[in-house]
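Below: the structure, in structure tokens.
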Amino acid sequence: MSESIDYSSVLANASSFYISTPMLRDLHQCITQWTWCGMTGGVIVGEARCGKSFAIRALSDHILSRTGQRIPIFRISYGKRDKKTIREVYSKTAKALGYKVKLRDTSEELSEMICTKLAEAAESNDTKKVILIIDETQYLTIDQLTVFAEIYNTLEEVKANCVIFFVANEDTFSPLVKKLHEKENSYIMERFFTHTHHQYGIRNSQELKLCLKEFDQYIVDIENNISATQAFCPHLYDQGWRLIDLAKPYWQHYCEGYKIPLQHKSWRMNQFIRSTNVLLMDYLPRCKNSNDHSYIEAAIVKSLEAAAITPDLVKYVS
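As structure tokens, this is what we get:
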């Protein structure tokens, strides 16, 4: 490895590390289709830590109109500790749009600021569309959801088309869903919650193979066009070996050691990336022979263990 570049920091920087995945491409296609077809909103649900927020952030500037114009995207994330008030929603939304919110700003004033910003953004494309993505929706109340209906109505009056997508953890979303199905909330349900996209982690060896291929092609040294595999495993790389070659044993060990015992629906992306980073940066660089299958399989096992896929607290549950 080159001494002038810390390649490990490129992969270890979770806030900037990005690989395209089949699941991300599916989400991109779904959001594009919903936007093109005139949907007013939709829901993206999945297990906690399966990669929903990562996928949403990756959508930035990548949703285009039919004529290739960029449709602006704004993302707001909520938390469990946030106040369950209507003003809190206006406040967090305004902050996410770049405003400095003061304590004396009323909900009405914040609403005007928000709608002005979104309407101006919608002017950037001929379809007059702007996308608002609400992350961690399960923490909101029905009353708070009415804020987005009001924002939609206000923008509609000025001929701006706001498409609002809600992202939620399926494990904790059901209480809000039950309330949405109540008759008095049908207008919110019908406007934003009739279309659902399920976001998953890695579900099979083929999806794993495609993700490993992205690692193989991930450039850690742009100037010299050096990939992650080439940088960390030069001996194996020169023998024609690639990470993608490990898809079958990698998936097998994950299934036998974790997916089946823990009843995972899919391999969560944060766990996969942690495990693969350890495998690529710590264990495989010690291997000099691509035919040393015993060492490589042992490295896979150790990397999966290092990824902390099994929560430590499990052993305290009787």
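Just so you know, we're using my numbering here: the sequence shown kicks off at 30 and counts up by one. Every residue, glycine too, gets a C-beta built ideally from N, C-alpha and C.
Here A77 is exposed: its Cβ has fewer than 16 other Cβ atoms, across all protein chains shown, within 10 Å. If you look at H226, you'll find it in the beta strand (DSSP E) that goes 225-228. Between K157 and N190, the CB-CB gap stays under 8 angstroms.
Annotated as distal: T64 and I105, with beta-carbon spacing of 8 angstroms or more.
Straight through space, the alpha carbons of C284 and W296 are spaced by roughly 9 angstroms. DSSP, reduced to helix, strand and coil, places G75 within a strand of the structure shown. The secondary-structure analysis by DSSP pairs L161 across a beta bridge with F103, I193. Look at the region 235-305 and you find these whole runs of alpha helix (DSSP H), each 4 residues long or longer: 257-261, 263-267, 276-283. The beta-carbon distance between Y119 and S140, rounded to whole angstroms, is 6 angstroms. This is short enough to meet the 8 angstroms contact definition. Between N306 and L40, the C-beta spacing is below 8 angstroms.
Within the DSSP secondary-structure output, G70 pairs in a beta bridge with I193.
Residue range 171-186 is occupied by the alpha helix (DSSP H) that includes Q173. Of all alpha-carbon atoms in I171, E185, D134, V130, the one lying nearest the alpha-carbon of A151 is that of E185. Per DSSP, the unbroken alpha helix (DSSP H) holding I329 starts and ends at 322-335.
In terms of Cα proximity to S153, the closest of A87, E199, Q281, S94 is S94.
Under the DSSP definition of a beta bridge, L93 partners with R99. With fewer than 16 other Cβ atoms inside 10 Å of its own Cβ, L132 counts as exposed. Taking each of F103, K277, Y36, W280 in turn and checking the Cα distance to F194, the smallest one comes out for F103.
In terms of Cβ geometry, L265 and S319 form a close pair [threshold 8 angstroms]. Of the residues R116, I329, F301, the one whose Cα lies closest to the Cα of Y47 is F301.
Collapsing the DSSP output to three states places I338 in coil.
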